[in-house]
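Structure, as structure tokens:
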Amino acid sequence: MKRSEALAAIRSEVEENIGKKVQLKADRGRKKIVTRVGYIENAFPNLFTVKVNNDFDESVTLSYTYSDVLTSTVKIKVVS
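Here my numbering = 1-based position in the sequence shown + 44.
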């Protein structure tokens, strides 16, 4: 599968899950992995946004690229 086809497949899967609860595992480097639970808010041509609650019960919007998912920097799991 070519890279562009893989990115298109990832994008369509993210678009199908807009509004659903997901668990994200993001590799931030130097053995630091951040796990968060939130909802996929939007899907744009090059990135998607996820709304999560932080430790202070405030909503924060995080953005990730489809390339992050392709290279396993970010792993998405649908929870709902």
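Where is the CB? At the ideal position from N, CA and C, for every residue including glycine.
Just so it is clear, the structure is predicted and the values come from calculations on it, not from any experiment.
Exposure of residue i, with buried meaning 16 or more beta-carbon neighbours within 10 Å
i, result
"Phe88", "exposed"
"Val94", "buried"
"Val82", "According to the sequence shown, residue 82 is Gly rather than Val. Per the 10 Å Cβ criterion, buried."
"Asp99", "exposed"
Per DSSP, cross-strand counterpart(s) of residue i
i, result
"Ala87", "Phe92"
"Asn97", "Ser103"
"Tyr108", "Phe92"
Residue range of the unbroken beta strand (DSSP E) whose run includes residue i
i, result
"Val122", "118-122"
"Lys69", "65-71"
Boundaries (first-last residue) of the alpha helix (DSSP H) holding residue i
i, result
"Ile54", "47-60"
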